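Worksheet for the structure shown next.
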Amino acid sequence: MSRTFENLKGLSLEWTGTHYSRQGDFPDLSTHIVSYETETSCYITSPGKHLGEARYCYEPLGVRMATLIYWPEIYQGRRGVVLYAMLDFDLMMDRAVIVHNDHPLAIANGSFRLVDTPEKPRIT
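In structure tokens form, the structure reads like this:
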């Protein structure tokens, strides 16, 4: 049985799953790593590629569940996106609702695991 973390600062979580939207899946995000630099900022990578940066808010809700809200600078070419995630540390599963300008954009369903923090790629 896994337990929630008090905070995510200094950790990296690898997410693997599927996005469901009117445009289909977002294949560039099917597997990605979110590295939590501070208690409010993170960056996202996928096989050595910098995908973006975001502000976030993490709140453990007991030993099993946590909420995680992301405000990415840009998400799939869009500004104004918010991602509301629910993490289950017993099942190591993550489900999220993704909204753009207060309208549903997609949902995500996947698994996550703790990984070593990758080096932050330079933005070119």
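Taking the working numbering, the leading residue of the sequence shown gets 21, the next gets one more, and so forth.
All C-beta atoms, glycine included, are put in the ideal place defined by N, C-alpha and C.
In this text, all values refer to a predicted model and were calculated from it rather than measured experimentally.
Mapping the DSSP letters down to three states, classify residue i as helix, strand or coil.
i: PRO47; result: helix
i: MET112; result: coil
i: ARG98; result: strand
i: LEU88; result: strand
i: SER22; result: coil
i: GLY72; result: strand
i: ASN121; result: coil
i: GLY30; result: coil
Considering Cα atoms alone, identify which of the options is closest to residue i.
i: ALA74; options: THR87, MET85, SER55 and ASP136; result: SER55
i: ARG23; options: PRO124, THR36, GLY130 and LEU107; result: LEU107
i: TYR95; options: THR87, LEU134 and TYR63; result: TYR63
i: THR60; options: ASP110, ILE118, ASP122 and LEU31; result: LEU31
i: ARG115; options: HIS123, GLY130, ASN121 and TRP91; result: GLY130
i: LEU98; options: ALA86, GLY72 and ARG84; result: The sequence as given places Arg at residue 98; Leu does not occur at that position. With distances taken between Cα atoms, ARG98 lies closest to GLY72.
i: GLU57; options: ASN27, ASP48, VAL119 and HIS123; result: ASN27
i: PHE46; options: TYR78, ILE118, ARG84 and ASP136; result: ILE118
i: MET112; options: ASP122, ILE53, ASP136 and ARG84; result: ARG84
Distance, Cα to Cα, residue i vs residue j?
i: ILE89; j: GLY68; result: 24 Å
i: GLN43; j: LYS140; result: 29 Å
i: TRP35; j: LEU103; result: 14 Å
i: TYR76; j: VAL101; result: 12 Å
i: ALA105; j: PRO138; result: 22 Å
i: GLU93; j: ASP110; result: 30 Å
i: ALA128; j: HIS39; result: 4 Å
i: ASN121; j: THR87; result: 21 Å
i: SER50; j: THR65; result: 11 Å
i: HIS123; j: SER41; result: 12 Å
Rounded to whole angstroms, how far is the Cβ of residue i from the Cβ of residue j, which I believe are closer than 8 Å?
i: LEU33; j: LEU134; result: 6 Å
i: PHE25; j: PRO80; result: 7 Å
Please decide whether residue i counts as near chain B, where near means a Cβ-Cβ distance under 9 Å.
i: GLU139; result: This model lacks chain B altogether; it includes just one protein chain.
Below 9 Å between beta carbons: does that hold for residue i and residue j?
i: ARG142; j: HIS52; result: no
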